[in-house]
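This report refers to the structure that appears directly beneath it.
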Amino acid sequence: MNNFPTIPKTEFQQRIINFKKKMDQNNIDLTIIFSNLLDPSAVRYFSDFSPINESSAMLIPINGAPILCSGQACHEWSKYKSKVKGELRILPEVGEVSGVEYEIKGQYDFRDLFLEIKNKYKIRKIGVIGDLIFPHSIYKKLIEIFNNIKIVSAENLMYELRMQKSENEIICMKKAGEIISKSFEFAVSNIKPGITELDIQADLESKILKLGAEDHCLAFSPMVSSGHENTQLCMNRNTLRKVREGEIIDLGAGALYEGYNAVICSPFVLGSISEDIKKAIIVAYDALNLVASNLKIGTKSTKLYEIYTDFLNTKGYRQYSPYGSVHSIGMLECETPFFSAKRDIVILESMGVAIDVYFKGLPWGSFRIEDTFIIRNKGPELITTYNKKYLHNLLKGNKK
Numbered sequence: 349m350n351n352f353p354t355i356p357k358t359e360f361q362q363r364i365i366n367f368k369k370k371m372d373q374n375n376i377d378l379t380i381i382f383s384n385l386l387d388p389s390a391v392r393y394f395s396d397f398s399p400i401n402e403s404s405a406m407l408i409p410i411n412g413a414p415i416l417c418s419g420q421a422c423h424e425w426s427k428y429k430s431k432v433k434g435e436l437r438i439l440p441e442v443g444e445v446s447g448v449e450y451e452i453k454g455q456y457d458f459r460d461l462f463l464e465i466k467n468k469y470k471i472r473k474i475g476v477i478g479d480l481i482f483p484h485s486i487y488k489k490l491i492e493i494f495n496n497i498k499i500v501s502a503e504n505l506m507y508e509l510r511m512q513k514s515e516n517e518i519i520c521m522k523k524a525g526e527i528i529s530k531s532f533e534f535a536v537s538n539i540k541p542g543i544t545e546l547d548i549q550a551d552l553e554s555k556i557l558k559l560g561a562e563d564h565c566l567a568f569s570p571m572v573s574s575g576h577e578n579t580q581l582c583m584n585r586n587t588l589r590k591v592r593e594g595e596i597i598d599l600g601a602g603a604l605y606e607g608y609n610a611v612i613c614s615p616f617v618l619g620s621i622s623e624d625i626k627k628a629i630i631v632a633y634d635a636l637n638l639v640a641s642n643l644k645i646g647t648k649s650t651k652l653y654e655i656y657t658d659f660l661n662t663k664g665y666r667q668y669s670p671y672g673s674v675h676s677i678g679m680l681e682c683e684t685p686f687f688s689a690k691r692d693i694v695i696l697e698s699m700g701v702a703i704d705v706y707f708k709g710l711p712w713g714s715f716r717i718e719d720t721f722i723i724r725n726k727g728p729e730l731i732t733t734y735n736k737k738y739l740h741n742l743l744k745g746n747k748k
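Under the numbering used here, the residue at position 259 of the sequence shown is numbered 607, and the numbers go up by one with no gaps.
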């Protein structure tokens, strides 16, 4: 099992201790966390539990043990996975959306839980995590029971802890990088004229799982778009379209390992590659490597954006790039903080960073080149190795 690292139980316990210190600094007496299948990361960060077909929640009172909240279907899975020293509650508001009725002892709803907390602790200020997904069904019970209590977002307090990865987290991200790199090598070696986008997705996903990942990355399954029309889609579901020689094929996928992501995007051409496609790929990859060379501790996001766009302007490709090239990566494929072109986000040691160079709307199609890095004292550490070898071979005409 040495080749399959995990996050130790003690680290999850320390995360709750660290977060309670932030609650104390901000006079927050209770934090309520909600996670769903789009973003299961917040509850998993503190407990290692992410549900299968439901949502999840957690309550962290500053003066008491955390309470993990599961739906009915996943309550056994939550007991099995959870690293939390605290209670487990089964609540319908985080259950299956159809409202399935299970005959399980100990069920009640969030109104009951909030009343219990109100009677047990002195609550003057409440923090909420899950800004974009927190459900109305829970929130209306929250304001009903805790009327006249100040409610604030505590999302940034959590991300202040998550921005800089521990060595255990980095080891898991590097394992995800190893898995997705090998999965690309396998899938690309099987591409031939006449197979479909779905065939290529199947090769990517099967290898991701065989190599030990729990799933594809959060938040997208492998994307394989081919030809002028399909590659123009920024995000896509794959189709039965058959790939052809000479056209652009845009490959994007990541691996999820122990809750941590690494991602690769890479263009591919069967047979001879035309000069216009080759030139664009060279410029895009040069742009990625230029930005990577500037991923230094203390550098600001606005500076990285300036470096990236200035380079594309000199090469004549700026009009084809709809967004800046850098985003954070960790328990989500794209997580806070986003490296804004307008707000200064500072590079910190041990951050997980993805560089995503996206060229859209060229006469023959669109493509991405993306790699995953860890910020180190001596510079960025590349943890997805596929592009470094493969793109050199593609542009030299050697497909092996």
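Each residue gets a CB set at the ideal place from its N, CA and C atoms; glycine is no exception.
Just so we're clear, the structure is a prediction, and the values are computed from it rather than from any experiment.
Closest in alpha carbon position to residue 723, among 714, 440, 697, 732, is 697. Taking a cut-off of 8 angstroms for Cβ pairs, the stretch 610-621 and the stretch 531-540 touch, as three or more such pairs fall below it. Secondary structure at residue 414: coil, using DSSP grouped into helix, strand and coil. Three or more Cβ pairs closer than 8 angstroms define a contact, and the stretch 710-721 meets that threshold against the stretch 577-597.
Going by beta carbons, residue 381 and residue 391 fall inside the 8 angstroms limit. The beta carbons of residue 383 and residue 679 sit no closer together than 8 angstroms. For residue 461, the enclosing alpha helix (DSSP H) has its first and last residue at 458-468.
Bounds of the beta strand (DSSP E) holding residue 707 are 700-710.
In the three-state scheme derived from DSSP, where H, G and I count as helix and E and B as strand, residue 595 is classed as coil. If you ignore the 5 residues before and after residue 624, its C-beta comes within less than 7 angstroms of the C-beta of 712, all in its own chain and listed in chain order.
Per DSSP, residue 392 is one residue of the alpha helix (DSSP H) stretching across 389-395.
Taking a contact to require three or more Cβ pairs closer than 8 angstroms, the stretch 584-593 and the stretch 601-615 do not qualify as touching. Taking C-alpha positions only, residue 626 is separated from residue 743 by approximately 6 angstroms.
Out of 448, 468, 521, 500, the CA that lies nearest to the CA of residue 721 is found in 521. Less than 8 angstroms separates the beta-carbon of residue 416 from that of residue 397. Contact check for residue 647 against residue 507 fails: the beta carbons are separated by 8 angstroms or more.
Burial state of residue 585 is exposed, judged by a 10 Å Cβ sphere holding fewer than 16 other Cβ atoms.
Secondary structure at residue 580: coil, using DSSP grouped into helix, strand and coil. The residue among 393, 706, 689, 413 with its C-alpha nearest the C-alpha of residue 469 is 413. Note on the stretch 590-647: whole alpha helix (DSSP H) runs with a minimum of 4 residues are 623-641, in chain order. In this structure, residue 612 lies near residue 528, with their beta-carbon atoms less than 8 angstroms apart. Runs of the alpha helix (DSSP H) lying entirely within the stretch 523-571, each at least 4 residues long, are 545-558 in chain order. When DSSP states are grouped into helix, strand and coil, residue 681 belongs to the coil group.
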